[in-house]
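Residue numbers 0 to 225, in numbering that gives the first Met the number 0, belong to the letters of the sequence shown in order. In this text, a Cβ means the ideal position worked out from N, Cα and C, and glycines have one as well.
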Amino acid sequence: MTKTGVERKAIRVVVVDDHTLFREGVRLILELERDLAFAGEAATVEDAVTLIESVRPDLVLLDLRLAEARGLDLLPRLVSTSGAPRVLIVTAFADEPVIADAIRLGAKGVVPKDASRDTLLSAIRTVGAGQLWLPPELTARVITNLTRSAPSSLADRLGQLTAREREIVALVGEGLKNREIAERLAIAEKTIKGHLTSIFLKLGLRDRLELALLAIKTHLASPKER
């Protein structure tokens with residue numbers, strides 16, 4: 000809750016990484032922040048799934064390359080569940096095509112392992128608020144990879160959207176503004192902005208008008224009567 004006099008609920012974070020030192024370092028960082036909470040850690044995919052199902056965190060900090068598997072292999076299992084946590088990828092490798100794949104599969108952001116403490120905290124808070132976060136130095140190249148490798152079929156591109164993203168596309172097609180969409184869906188306006196960023200990336204669109212026209216063309220929405 001965010002009403003005056005009521006403290007905002009802390010963002011509960013699970014760390015999935017096969018390096019003990021990294022997990023412990025992140026835990027120490029999180030424990031110093033009043034608005035963030037360390038909810039657990041795991042080193043393997045199976046342990047991560049069990050832990051996440053048990054504690055139901057708000058956010059998962061997921062290593063892109065685990066010892067026994069790729070973090071990408073875990074992504075679909077995480078984001079497809081009811082009440083799915085937001086996923087922030089952490090990686091030591093600036094591999095733009097792989098990062099683009101992670102975003103396409105549902106990750107809400109990527110932070111380098113050599114990022115500063117402040118950068119990591121900013122990324123966690125941004126993704127925790129429902130917005131997309133990418134390192135400034137990688138943003139343009141990741142977007143290029145997303146648009147270059149996006150499926151040519153419109154149906155395939157639409158198929159990448161989550162149920163919530165499709166709802167938002169439909170409401171944009173009806174002519175609603177972000178504030179109106181937020182009120183209709185009973186979520187924060189900044190969360191709508193984060194979803195729209197993800198939608199534009201997945202569909203390879205540049206602006207709201209293109210998105211509205213696409214929504215009407217694909218019958219996700221009909222123009223509002225004037």
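| Check | Outcome |
| --- | --- |
| Ranges of the alpha helix (DSSP H) found wholly within the stretch 164-208, counting only runs of at least 4 | 177-184 and 188-202 |
| Sequence-distant residues of its chain with Cβ nearer than 6 Å to Val14 (five each side left out) | Arg22, Val25, Glu40 and Leu60 |
| Burial state of Pro84 (16 or more Cβ within 10 Å) | buried |
| Inter-residue spacing [alpha-carbon to alpha-carbon] between Ile167 and Glu67 | 37 Å |
| Three-state secondary structure (DSSP) of Arg124 | helix |
| Residues of its chain near Ala128, where Cβ-Cβ distance is below 8 Å and the 5 sequence neighbours each way are ignored | Ala187, Lys189, Thr190 and Gly193 |
| Boundaries (first-last residue) of the beta strand (DSSP E) holding Phe37 | Leu35 to Ala41 |
| Euclidean distance between Cα positions of Thr3 and Phe92 | Residue placement at Thr3 is poorly supported in this model, since its pLDDT is 38, which falls under 50; the coordinates still yield a value, given next. Each residue's Cα considered, the two are about 42 Å apart. |
| 8 Å Cβ shell around Leu204 - same chain, five flanking residues per side excluded | Ile198, Leu210 and Leu213 |
| Contacting residues, own chain, Cβ-Cβ under 7 Å from Val48 (five flanking each side not counted) | Arg76 |
| Best match in Ser115, Leu195, Ile123 and Thr19 for proximity to Arg11 [C-alpha to C-alpha] | Ile123 |
| Closest Cα partner of Asp16 within the set Leu74, Arg64 and Leu50 | Arg64 |
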